[in-house]
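Okay, so here's the structure we're looking at.
Residue numbers (the numbering used here): 2 to 432.
As structure tokens, then:
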């Protein structure tokens, strides 16, 4: 599979100068985002300040998926402070302003998730003024000391976006799923005292654990670290998150930008397809041509992402697999999924889709193993649990199905598909 992909990349390079054009487009996007940051009201730190003490946790740089040109030169990638960067009164002020805006209906469109509430920092006038007045320099100085290979100095970082996020157990707003952030460095500062909630913290996939800090302390990591907002089980948790970029964009960052460009092409193709369906068959031939162009753009960007990351990013292989799967080539999809899994076997979404592909290819036992692996990584993965349950049900393995459902977290059993399996199990047992 890797040889096949390499041949595809070489063919792609020989056929066009798309890499050079793509790199230039990425740099232009970077410059535009820096301009937008200033327009939103964010200012860069005017000077460095003394950084508070912090300690590092190590994880392999390969998990960042940046390849040979990784921006970070050390495996010390997850840093946490032992003392607050922001005072308790500062945290309360930020939290109160965010709470008032959320109560008035404010909600950012940045995370596009319904498992928490959030508000954009650039909409928070007092918080923005406080950050620009010197508070931001505390974080950038910390970042410069933690990541010297990626940050020239404290004044070179700027805010791509900033959010205040609220998790509320009583409202069922408990977490964020595993993801990467679209920046260079992510900075997370809890605004709530640790006593105000249960569970929570930032889950780091490569470490297999959640890091929970006291109010005002800071957690910094490369944005390419796969992480999640770990589920709270009680109370409310508030956090300030700033996504930071440097003035200079290094080569290692081009992979995420090419992947983002591929996702944009895919989204455009989906949107145009829906519009075409609504408009009817008139102009259908032109729409097919536009869709082909979007698919070519998506594939081109994915191949460029693969190239600049030295084929080290499992998410790109996953995207190629998902694309093949959607186009009906399940065998090719499985090959890409397997290549992705060889790089990261802890991705529950990937494992679930591998299971689907294996089942479609007539390999149910292997499919079930994939579903179980996905659930071992994320017990709340209702798709993997439903697919595993449906497979067990079709094979009459009722005891195994009962155990599968009994092991599901309580909130997962609210899923319609899992309730259906539970009802079917009950009916079959009564018979």
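The beta-carbon is built from N, C-alpha and C at its ideal position, and this holds for glycine as well. Since the model is a prediction, treat every value here as computed from it, not as a measurement.
- Between the beta-carbon of residue 71 and that of residue 65 there is about 6 Å, and that keeps the pair under the 8 Å contact cut.
- The bridge partners DSSP lists for residue 177 are 230.
- Distance from residue 337 to residue 353 at the Cβ level is roughly 15 Å; contact not present, criterion being Cβ atoms closer than 8 Å.
- By the 16-neighbour rule on beta-carbons within 10 angstroms, residue 51 is exposed.
- Contact between residue 220 and residue 214 holds: their C-beta atoms lie close to 6 Å from each other, under 8 Å.
- Burial state of residue 125 is buried, judged by a 10 Å Cβ sphere holding 16 or more other Cβ atoms.
- Cβ contact annotation for residue 35 (same chain, cutoff 8 Å, sequence separation greater than five): 159, 246 and 248, in chain order.
- Between residue 67 and residue 313, the C-beta gap is smaller than 9 Å, which places the two residues in contact.
- Take residue 326, set aside five residues on each side of it, and the residues of its chain with a beta-carbon closer than 6 Å to its own are 334, in chain order.
- By the beta-carbon neighbour count (other beta carbons within 10 angstroms, threshold 16), residue 415 is exposed.
- Distance check between residue 104 and each of 119, 110 and 92 places 119 closest, using alpha-carbon atoms only.
- Measuring C-alpha to C-alpha distances from residue 257 to each of 196, 225, 135 and 83 identifies 225 as the nearest.
- Sequence-distant partners of residue 328 (beyond 5 residues in either direction) whose C-beta falls short of 6 Å from its own C-beta are missing from its chain.
- The Cβ atoms of residue 116 and residue 176 sit closer than 9 Å to each other.
- One thing to note: residue 49 has its Cβ within 9 Å of the Cβ of residue 156.
- Contact check between the region 229 to 246 and the region 191 to 203: three or more CB pairs, one atom from each, fall below 8 Å, which counts as touching.
- With fewer than 16 other beta carbons inside 10 angstroms of its own, residue 83 counts as exposed.
- With a 10 Å radius around the Cβ and a threshold of 16 neighbouring Cβ atoms, residue 407 comes out exposed.
- Taking 9 Å as the cut-off, the Cβ atoms of residue 341 and residue 319 count as close.
- Counting along the chain, the unbroken alpha helix (DSSP H) around residue 422 starts and ends at 417 to 431.
- Assignment of residue 398 by DSSP, reduced to helix, strand and coil, places it in the coil class.
- Secondary structure at residue 71: coil, using DSSP grouped into helix, strand and coil.
- In this structure, the straight-line span from the alpha carbon of residue 418 to that of residue 364 is close to 23 Å.
- Of the other Cβ atoms in all chains shown, 16 or more fall within 10 Å of the Cβ of residue 186; this residue is therefore buried.
- For residue 345, there is no enclosing alpha helix (DSSP H), as DSSP marks it with neither H nor E.
- Less than 9 Å divides the Cβ of residue 162 from the Cβ of residue 121.
- A Cβ-Cβ distance of about 5 Å is found for the pair residue 242 and residue 164, placing them in contact under the 8 Å criterion.
- Across the structure, residue 369 and residue 41 are spaced so that their CA atoms are roughly 49 Å apart.
- Under the DSSP assignment, residue 33 falls in the alpha helix (DSSP H) whose first and last residues are 19 to 40.
- DSSP, read as helix, strand or coil, puts residue 366 in helix.
- CA-CA distance, residue 240 to residue 339, rounds to 36 Å.
- For residue 315, the enclosing alpha helix (DSSP H) covers residues 315 to 327.
- For residue 231, the closest of 184, 428 and 167 by C-alpha to C-alpha distance is 167.
- Residue 350 and residue 375 have their alpha carbons spaced roughly 7 Å apart.
- Comparing C-alpha distances from residue 89 to each of 216, 209, 134 and 22 shows the shortest one belongs to 216.
- Just measuring C-alpha positions, the residue of 171, 207 and 107 sitting nearest residue 197 is 171.
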